[in-house]
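Read through the structure below, which is laid out as structure tokens, and then see the notes.
In full-length UniProt numbering, the protein residues as written are 1 to 152.
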């Protein structure tokens, strides 16, 4: 873990997380995506083992996270499951989380563009980091989304 601002940035594979760290990560994602957004969908989708997991930690507490997909022959690196703890909102942690996620992707997958599947109402937010829409709006688990890419 490296110190970054008032929090630590930790990027690890799933099998490098302790049981407690994994529980905290999954709890945050379920609290945000399933409970807060009232969206019943398969949060445990079988993809976590193939991704890197970026966590922002403050004083030992998980305050934000993102999932970083590795590139495949058919897909660019991708940032997903971007979540900030409800108790830490209003501190611009979403901005920090995206900057750290982009930086991690650029370090691990240099020279690659980065994709995201963004909730449509967050297009402007992701656009502020250089992402541009590459698809029409579509429904994912009942929520409007749009695919976006950040070119190199």
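Where is the CB? At the ideal position from N, CA and C, for every residue including glycine.
Source: prediction; values computed, not measured.
Give me whichever residues DSSP pairs with residue 10 in a beta bridge. Residue pairing from DSSP places residue 10 in a beta bridge opposite 55.
Taking the straight line between their C-alpha atoms, what separation do you get for residue 113 and residue 138? The alpha-carbon atoms of residue 113 and residue 138 are separated by roughly 22 Å.
Selection from 29, 36, 6, 55 that minimises the alpha carbon distance to residue 12: Nearest of 29, 36, 6, 55 to residue 12, Cα basis: 55.
Please go through the same chain and pick out, in chain order, the residues whose beta-carbon is closer than 7 Å to the beta-carbon of residue 71, but skip the five residues on each side of it. Exclusion of the five residues before and after residue 71 leaves 77, 109, 112 as the residues of its chain whose Cβ lies within less than 7 Å of its Cβ.
Count the other CB atoms within 10 Å of the CB of residue 32; is the residue buried (16 or more) or exposed (fewer)? Buried is the call here.
One question on the structure: do residue 47 and residue 29 come within less than 9 Å of each other, judged by their Cβ atoms? Not in contact: residue 47 and residue 29 (Cβ atoms no closer than 9 Å).
Pick helix, strand or coil for residue 85, following the three-state DSSP scheme. Correct three-state label for residue 85: coil.
Over what stretch of residues does the beta strand (DSSP E) that includes residue 65 continue unbroken? Per DSSP, residue 65 belongs to the beta strand (DSSP E) from 61 to 69.
Between the beta-carbon of residue 84 and the beta-carbon of residue 101, is there less than 9 Å? At the C-beta level, residue 84 and residue 101 stay beyond 9 Å of one another.
On the DSSP letters alone, give me the boundaries of the alpha helix (DSSP H) that residue 103 sits inside. Counting along the chain, the alpha helix (DSSP H) containing residue 103 begins and ends at 93 to 108.
Cβ distance (whole Å) where residue 141 is taken to contact residue 41 below 8 Å: 4 Å between Cβ atoms; contact.
Would you decide whether residue 23 is buried or exposed? Buried here means 16 or more other CB atoms lie within 10 Å of its CB. It is exposed - the Cβ of residue 23 has fewer than 16 other Cβ atoms within 10 Å.
9 Å Cβ cutoff, residue 112 in contact with chain B: Of the chains in the structure shown, none is chain B; there is only one protein chain.
Cβ-based neighbour list, residue 146, same chain, cut-off 7 Å, excluding 5 preceding and 5 following: Residues 118, 120, 123, 133, 135, 137 of the same chain have their beta carbon placed closer than 7 Å to that of residue 146, with the five preceding and five following residues left out of the count.
CB residue 64 to CB residue 96, shorter than 9 Å? Closer than 9 Å, so yes.
Report the CB separation of residue 39 from residue 116 in whole angstroms; it is logged as a contact under 8 Å. About 18 Å separates the two Cβ atoms, so there is no contact after all.
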